[in-house]
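Chains A and B, in that order, are what the protein sequence lines are. Using our numbering, you'd call the opening residue of the first sequence number 1 and step up by one each time. Using our numbering, you'd call the opening residue of the second sequence number 1 and step up by one each time. Glycine included, each C-beta is placed from N, C-alpha and C at the ideal position.
2 protein chains.
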Amino acid sequence: MIVDDLKRSPLFAGLGDAQLLELAAIARPVEFEADAGIFLQGEPAGAFFVLVRGGVKIFKTLRDGRTATLRHVRPGETFGESVLFNDHYPASADTMDDSSLLRFAVDEFRRLLTAEPEVGLALIATMARLMVMLNSRIEELLLPVPARLARYVLDLRDKQCAVAASGKACAGCRLPTSKRELAARLGTVPETLSRTLDRFKRAKVIALRSDTIEVLDIPALERIAQR
Amino acid sequence: MIVDDLKRSPLFAGLGDAQLLELAAIARPVEFEADAGIFLQGEPAGAFFVLVRGGVKIFKTLRDGRTATLRHVRPGETFGESVLFNDHYPASADTMDDSSLLRFAVDEFRRLLTAEPEVGLALIATMARLMVMLNSRIEELLLPVPARLARYVLDLRDKQCAVAASGKACAGCRLPTSKRELAARLGTVPETLSRTLDRFKRAKVIALRSDTIEVLDIPALERIAQR
DNA sequence: CGGCTCCTTGAGGTTAATCAATCCTGGTGG
DNA sequence: CCACCAGGATTGATTAACCTCAAGGAGCCG
């Protein structure tokens, strides 16, 4: 279902069902094999994409033919958004694995937004939220690893407690990803994550059994989160 | 003339005269001296701004007093747009030079936005651009300092060459900020920046005299920029 | 000249990445 | 039921990056 794919993308998550349906109406599912070209640097800009499944790399071709990879796109992320404000693609995109995409033609997208200001407003709102998130992500990366981890854990606890009955002491949270993934998300490597978790455990700040984490000392975590 | 100032801003360029007049009606011109605070991280969000003249930096204050510069705003650009859908400013803004701004109160702007979808479209485009920028900034922070510096220099060169007659060998670029500021923008400290510049000089990758930088070996810089 | 501020240089320490080895743990087949 | 594997997770030792602290320049204006 296209709507479900859209919901999985941070850009569109948080939009109402009606708006998602309108977006889905102009989204064209496209399939690519591995190592296929999606668009080329310099090409007139026609569309932007949501990656549903697979992997895509964004790269520039240098004058001498060598390529410089700018970014790896993971499922759920969008790419080519710059066509909204550029006439030509500033870089090229190739698939790395067999991939499913959603294609949004720029002109149709534009038409939808003028016809349905509500969609535009909702989109602006999510973009604003995303920007705040990106902002704090930048801030975090300047902090040492323990602070980043502490923030992540506090955040996780906040979110999972909000779901559970409020007021009740939220015993354990589940780590939603493998530790390898978590390390990548924190901008570090599994080894460092493992050691840092261990330090937290030995300091009795958290308890950890397999992938269930329990916060024991919130003030301490908050102190660590501040640098 | 306020309308002329608005036209110079990418956010509003391309809007019709009628819309520009409506925007001008709710824009309040404001003047600031150098090193003045415009808004503070966490402050209740009241307005966003267009920089007409001067310079502004957007930064986060860490608990220990260190600051992380997220972005330098140049004349014509907008900042604080995220307050349109947030209650509080996610970062602080200070002037770097004497500056002229246009101030847009959030509630008035919101009202205009529902009445004029075109304005929303333009806003989405700028926000998309900002998000692309923030994304690459995050990516950069995971790279070592020399790579970040190399990217910055290449970027600077691209921009300044675009302005000069194209095709002509762009000899020297001017660093637009003090090295202290540049270090903050790269997420490092002046000492490390100084040493890294020195390494580049000794490797004959760049030449540097006071604040004029000359790129000598583009392939080498591009190699460094890749990690 | 003195007093600035900004930049550079040096030495030392800390953080975290890297490399390599070991340990779980769940799944598989005998 | 158990031996055995494969992947992820941990642990240890080493190395490199870069921040910190401290001490000089270099330019600039009174």
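{"Asked": "Local Cβ density within 10 Å of Q19 of chain A, reported as buried at 16 or more and exposed below that", "Found": "buried"}
{"Asked": "Cβ of V132 of chain A within 8 Å of any chain B Cβ", "Found": "yes"}
{"Asked": "Minimum Cβ-Cβ distance from P190 of chain B to chain A less than 8 Å", "Found": "no"}
{"Asked": "Three-state class that DSSP yields for P29 of chain B in the structure shown", "Found": "strand"}
{"Asked": "Chain A within 8 Å of R137 of chain B, Cβ atoms only", "Found": "yes"}
{"Asked": "Cβ of K159 of chain B within 8 Å of any chain A Cβ", "Found": "no"}
{"Asked": "Per-residue contacts from R129 of chain B into chain A (C-beta, under 9 Å)", "Found": "E81, S82, L84, F85, N86"}
{"Asked": "Nearest-angstrom Cβ-Cβ length linking T196 of chain B and V145 of chain B, presumed shorter than 8 Å", "Found": "6 Å"}
{"Asked": "Interface flag, G120 of chain A vs chain B, CB-CB below 8 Å", "Found": "yes"}
{"Asked": "Anticipated Cβ contact below 8 Å, D107 of chain B with P44 of chain B, distance rounded", "Found": "The Cβ separation is near 12 Å, so there is no contact."}
{"Asked": "Minimum Cβ-Cβ distance from I124 of chain B to chain A less than 8 Å", "Found": "yes"}
{"Asked": "Cβ neighbour criterion (16 or more within 10 Å) applied to P29 of chain A", "Found": "exposed"}
{"Asked": "Per DSSP, the bridge partner or partners of E214 of chain A", "Found": "A:G172, A:A207"}
{"Asked": "Proximity below 8 Å, CB of F79 of chain A to CB of F59 of chain A", "Found": "no"}
{"Asked": "Neighbour list for P44 of chain B in chain A, Cβ cutoff strictly below 7 Å", "Found": "Those do not exist, as P44 of chain B stays about 15 Å from chain A at its closest Cβ, beyond 7 Å."}
{"Asked": "V132 of chain B, buried or exposed, once every other Cβ within 10 Å from all chains shown has been counted against 16", "Found": "buried"}
{"Asked": "Neighbour flag for R110 of chain A against chain B, beta carbons, 8 Å", "Found": "yes"}
{"Asked": "Limits of the unbroken alpha helix (DSSP H) element including F12 of chain B", "Found": "Premise fails: F12 of chain B is in no alpha helix (DSSP H) and is neither H nor E."}
{"Asked": "7 Å CB neighbourhood of L70 of chain B in its chain, flanking five on each side removed", "Found": "I58, F59, K60, A91"}
{"Asked": "Length of the line joining the Cα atoms of L149 of chain A and D35 of chain B", "Found": "34 Å"}
{"Asked": "Burial state of L221 of chain A, where buried means 16 or more other Cβ atoms lie within 10 Å", "Found": "buried"}
{"Asked": "C-alpha gap between E176 of chain B and T114 of chain B, whole angstroms", "Found": "In the sequence on display, residue 176 of chain B carries Pro and not Glu. Their backbone Cα atoms lie some 38 Å apart in a straight line."}
{"Asked": "P117 of chain A: contacting residues in chain B (beta-carbon distance under 7 Å)", "Found": "T114, P117, G120"}
{"Asked": "Span of the beta strand (DSSP E) around F85 of chain A", "Found": "Counting along the chain, F85 of chain A falls outside any beta strand (DSSP E), and DSSP gives it neither H nor E."}
{"Asked": "Contact set between A91 of chain B and chain A, taken where Cβ atoms lie within less than 8 Å", "Found": "N135"}
{"Asked": "Straight-line gap, T95 of chain A to K204 of chain A (C-alpha atoms, nearest Å)", "Found": "46 Å"}
{"Asked": "Three CB pairs or more closer than 8 Å across the region 173-191 of chain B and the region 152-160 of chain B", "Found": "yes"}
{"Asked": "Alpha-carbon to alpha-carbon, F104 of chain A and I124 of chain B", "Found": "15 Å"}
{"Asked": "8 Å Cβ cutoff, R209 of chain A in contact with chain B", "Found": "no"}
{"Asked": "Buried or exposed (CB count within 10 angstroms, at least 16 for buried), A25 of chain B", "Found": "exposed"}
{"Asked": "Presumed contact (8 Å Cβ cut-off) between F12 of chain B and A122 of chain B, rounded CB distance", "Found": "6 Å"}
{"Asked": "Proximal residues to R199 of chain B (C-beta, below 8 Å), its chain only, five neighbours per side dropped", "Found": "P146"}
{"Asked": "Limits of the beta strand (DSSP E) - the one that A45 of chain A falls within", "Found": "Note, A45 of chain A: premise wrong, no beta strand (DSSP E); not H, not E."}
{"Asked": "Residue nearest to E33 of chain A in terms of C-alpha spacing, selected from A:S99, A:I138, A:H72", "Found": "A:S99"}
{"Asked": "Close-in-space but distant-in-sequence residues of the same chain around L15 of chain A (CB under 6 Å, 5 per side omitted)", "Found": "A122"}
{"Asked": "Nearest residue (CA-CA) to K201 of chain A, options A:D217, A:P190, A:E191", "Found": "A:D217"}
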